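Chains as they are written, first to last, in the working numbering: chain U, 35 to 313; chain R, 186 to 280.
Using N, Cα and C, we set each Cβ at its ideal position, and we do this for glycine too.
Being a predicted model, the structure only gives us computed values, none of them experimental.
Notes to accompany the following structure.
In structure tokens form, the structure reads like this:
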């Protein structure tokens with residue numbers, strides 16, 4: 035399996051969403067191979083799910099004052115505060131081994147790359163349907179997928195650290211009285227790599243691990259070996275997993291056309307209130 | 186008049202509905218939330234079908250519209266959506 039691999043680092047929210055869509059268009063038009071992209075957010079941003087109401091989910095005034103961009107995704111799911119995290123997007127034509135017709139199955143296969151990447155960082159994690167990855171009972175990654183133009187686009191996050199106080203200063207809460215409880219809930223149910231590993235993990239370290247994790251998991255999937263690829267100390271009882279070559283990640287950058295399209299989508303779609311406030 | 190209701194599906198997602206109606210007829214029904222629907226355009230087509238439906242038939246119409254073949258919902262079912270709309274209308278008519 036060959037995948038185009040982009041590491042675009044930090045970007046503004048509207049550009050980040052614009053480039054994901056531009057890549058979807060490029061793969062759909064046959065101008066790009068299936069593509070895996072890693073990125074992050076500068077400044078911090080909130081994205082809301084495609085079906086969410088921006089005004090119902092986000093304290094728009096507080097977000098504006100804090101310099102936090104608010105963006106509607108093309109994918110469903112919930113509101114996400116993107117601050118200390120690494121984000122990926124993945125685009126592949128439908129029918130590819132990573133984009134079977136069954137949506138939950140494709141989530142599971144693509145999230146296999148994150149699970150593998152997390153294990154390289156020393157975090158035991160597993161896919162938790164519909165769209166989460168958990169470790170030690172805590173959510174560490176959320177993912178969202180859409181299918182358009184015969185292609186699948188999935189993007190998602192791995193938390194480097196969580197700051198529920200800051201998050202709930204920007205998201206709407208049913209009442210001020212409930213805010214404390216919601217913050218405690220998030221602390222109990224969500225963790226970043228820092229919380230799980232007891233040390234800071236930066237973007238670059240996480241990006242290396244996730245890139246290799248995707249390559250290994252996708253290569254194994256192609257080889258039909260399946261499974262987590264670890265005998266997990268069970269000794270001779272289980273044979274070594276079938277050897278599989280990792281998927282080939284071809285380092286790449288966005289083409290000038292993709293960049294131009296991403297900037298256009300950022301300006302004319304993702305940063306407009308017509309799009310953000312449409313629900 | 187406009188009625189709004191939020192319904193948290195036990196152990197699941199949050200559905201937020203908003204129904205605008207006049208003279209017993211729905212002018213516009215909006216179904217928002219953190220669920221997933223594939224394809225998204227089919228969900229919006231189902232939502233649009235709820236305009237001009239008699240208010241007392243809204244839940245039934247929603248159940249039919251969101252159960253359409255090809256529309257796959259995760260995190261909220263057609264009956265969850267229909268039930269939320271029914272409650273929103275009931276609350277508006279009681280008050």
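Does any residue of chain R bring its CB to less than 9 Å from the CB of residue i?
{"i": "residue 191/U", "result": "no"}
{"i": "residue 178/U", "result": "yes"}
{"i": "residue 52/U", "result": "no"}
{"i": "residue 124/U", "result": "no"}
Does the separation of the CB atoms of residue i and residue j fall below 9 Å?
{"i": "residue 108/U", "j": "residue 180/U", "result": "yes"}
{"i": "residue 120/U", "j": "residue 84/U", "result": "no"}
{"i": "residue 124/U", "j": "residue 284/U", "result": "no"}
{"i": "residue 213/U", "j": "residue 93/U", "result": "no"}
{"i": "residue 271/R", "j": "residue 244/R", "result": "yes"}
{"i": "residue 229/U", "j": "residue 172/U", "result": "yes"}
{"i": "residue 82/U", "j": "residue 112/U", "result": "yes"}
{"i": "residue 202/U", "j": "residue 187/U", "result": "no"}
{"i": "residue 204/U", "j": "residue 35/U", "result": "no"}
Let me know if residue i comes out buried or exposed under the rule of 16 or more other beta-carbons within 10 Å of its beta-carbon.
{"i": "residue 288/U", "result": "buried"}
{"i": "residue 139/U", "result": "exposed"}
{"i": "residue 305/U", "result": "buried"}
{"i": "residue 110/U", "result": "buried"}
{"i": "residue 68/U", "result": "buried"}
{"i": "residue 91/U", "result": "buried"}
{"i": "residue 193/R", "result": "exposed"}
{"i": "residue 292/U", "result": "buried"}
{"i": "residue 232/R", "result": "buried"}
{"i": "residue 77/U", "result": "exposed"}
{"i": "residue 278/R", "result": "exposed"}
What is the C-beta distance between residue i and residue j, in whole angstroms, given that I count them as a contact (C-beta under 8 Å)?
{"i": "residue 238/R", "j": "residue 211/R", "result": "5 Å"}
{"i": "residue 88/U", "j": "residue 116/U", "result": "Contact doesn't hold; Cβ gap of about 15 Å is too wide."}
{"i": "residue 37/U", "j": "residue 58/U", "result": "Between residue 58/U and residue 37/U the Cβ distance is about 15 Å, and since that is not below 8 Å, they are no contact."}
{"i": "residue 188/R", "j": "residue 276/R", "result": "6 Å"}
{"i": "residue 52/U", "j": "residue 299/U", "result": "4 Å"}
Spell out whether any CB of chain U is found under 9 Å from the CB atom of residue i.
{"i": "residue 259/R", "result": "yes"}
{"i": "residue 254/R", "result": "no"}
{"i": "residue 224/R", "result": "yes"}
{"i": "residue 262/R", "result": "no"}
task: Check whether the stretch 209-225 of chain R touches the stretch 118-130 of chain U, taking contact to mean three or more Cβ pairs, one atom from each stretch, closer than 8 Å.
output: Between the stretch 209-225 of chain R and the stretch 118-130 of chain U there are fewer than three C-beta pairs closer than 8 Å, too few to call the two in contact.
message: Whether or not the stretch 190-198 of chain U and the stretch 214-229 of chain U are in contact is what I'm after, with contact meaning three or more pairs of Cβ atoms, one per stretch, closer than 8 Å; do they touch?
response: As far as the Cβ criterion goes, the stretch 214-229 of chain U touches the stretch 190-198 of chain U, which means the pair count is three or higher.
field: Contact between the stretch 157-175 of chain U and the stretch 42-61 of chain U (3+ Cβ pairs under 8 Å)
entry: Segments in contact, no.
message: I'd like to know if the stretch 220-234 of chain R and the stretch 202-209 of chain R are in contact, where contact means that at least 3 CB-CB pairs between them fall below 8 Å.
response: Two segments are said to touch when three or more pairs of C-beta atoms, one from each, lie closer than 8 Å; by this definition the stretch 220-234 of chain R does not touch the stretch 202-209 of chain R.
field: At least three beta-carbon pairs within less than 8 Å, the stretch 233-246 of chain U to the stretch 59-67 of chain U
entry: For the pair of segments examined, the stretch 233-246 of chain U was found not to touch the stretch 59-67 of chain U: the number of CB pairs separated by less than 8 Å stays below three.
- prompt: Counting Cβ pairs, one atom from each stretch, are 3 or more of them under 8 Å apart for the stretch 246-253 of chain U and the stretch 144-151 of chain U?
  reply: Verdict: yes, contact present.
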